[in-house]
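In what follows, a structure is listed as structure tokens, so that the remarks can point back to it.
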DNA sequence: TTGAATTCATTAACATCTTAATGTACAAAA
DNA sequence: TTTTGTACATTAAGATGTTAATGAATTCAA
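Protein chains in written order, with the working numbering: chain A, 454 to 595; chain Y, 454 to 595.
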């Protein structure tokens, strides 16, 4: 009689919700959506703070059609710039602007503080183990 | 100079995306969205296969305004039924229909098979550890 | 070199997310 | 009892998720 097993994907979602509870107020203060912040954050940690939108979509877990709109709005608020590289007009490049860098730096302190609070509640060892396992899970494929 | 730390919330998202890759084809075959399946799945594992929509929203990580629409569509396709309990007309109750139970049972085998494939790639011990840590993370709060 | 595949971004249409605002039903205080 | 407060679901509006379709640029094969 088909019994449900505790769901991995639901557990991941609920855990993420719990974690996002620490950051959402800060994002709201700065008028950013989760996706906009992911884009800024990912661009910040990449060489040249610049990516092709295809790669950005993959890393940020934002589908291409959604990313189109996210980038339009982020450009409108001045945090990123977009352009098509001359050698391949199909592609689209994205980079952080100066304002984007400043925004990240402004929010960075509070972000770190929230991370410390999560680590304190979960335990530093548990936190490290969890990150390792998540990286392994990221690499599974059908 | 504000350096980004590997992001827990992004890691959770990417890991979930990897896991969902195993299930999305199955959901599509049956014309279900992720949220619709979460509702069915959660109702299945609850006593009486029935919940107040408030609790359901919390467990399924679906905000109340979204859940309204999800339930309307799930009722339209016949997998759940909704009603207001006589003693408190503010609340809304939801339960699986017969068709809902049959759908779950039909999909259950394939779902379990995908879980086995994920476990095989991640390792049974790792899988168990991960689930435990996710449950702990779910309980952190700001 | 021409024409058929391929690779991108974007648009379209519908479902869901997110916050704020509404409205109704119940509960508690005056 | 009337008033005030509270707990719900729902609506509203803009942003995003999701799949399929479109269209432009590039690549590859004939």
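Note that CB positions come from ideal geometry on N, CA and C, so glycine has one too.
DSSP state of residue i, grouped into three classes?
i: residue 549 (chain Y); result: strand
i: residue 503 (chain Y); result: strand
i: residue 535 (chain A); result: strand
i: residue 587 (chain Y); result: helix
i: residue 486 (chain Y); result: coil
i: residue 540 (chain A); result: coil
i: residue 577 (chain A); result: helix
i: residue 420 (chain A); result: Residue 420 (chain A) lies beyond the range of chain A shown here (454 to 595); nothing can be said about it.
i: residue 570 (chain Y); result: helix
i: residue 595 (chain Y); result: coil
i: residue 454 (chain Y); result: Residue placement at residue 454 (chain Y) is flagged as unreliable, the pLDDT there being 44, under the threshold of 50; the coordinate-derived value follows with that caveat. Three-state result, residue 454 (chain Y): coil.
i: residue 562 (chain A); result: helix
i: residue 582 (chain A); result: helix
If you follow the alpha helix (DSSP H) that residue i is in, where does it begin and where does it stop?
i: residue 529 (chain A); result: 517-529
i: residue 482 (chain Y); result: 461-482
Going along chain A, which residues have a C-beta under 7 Å from residue i?
i: residue 460 (chain Y); result: 494
i: residue 466 (chain Y); result: 469 and 514
i: residue 574 (chain Y); result: 593
i: residue 587 (chain Y); result: 464, 465 and 468
Find the residues of chain Y that neighbour residue i, judging by a C-beta separation of less than 9 Å, and give them in chain order.
i: residue 463 (chain A); result: 491, 494, 495, 512, 513 and 514
In chain Y, which residues lie with their C-beta within 7 Å of the C-beta of residue i?
i: residue 480 (chain A); result: The premise fails here: residue 480 (chain A) is roughly 11 Å from chain Y at the closest Cβ pair, so nothing lies under 7 Å.
Along chain Y, which residues have their Cβ under 8 Å away from the Cβ of residue i?
i: residue 582 (chain A); result: 582 and 586
Just to make sure I have the definition right: I need the residues of chain A whose C-beta is within less than 8 Å of the C-beta of residue i. Which are they?
i: residue 472 (chain Y); result: 461, 462, 465, 590 and 593
What residues in the stretch 538-570 of chain Y bring their beta carbon closer than 9 Å to a beta carbon of chain A?
-> If the cut-off is 9 Å between Cβ atoms, the stretch 538-570 of chain Y has 554, 557, 558, 559, 560, 561, 562, 564, 565, 567, 568 and 570 near chain A.
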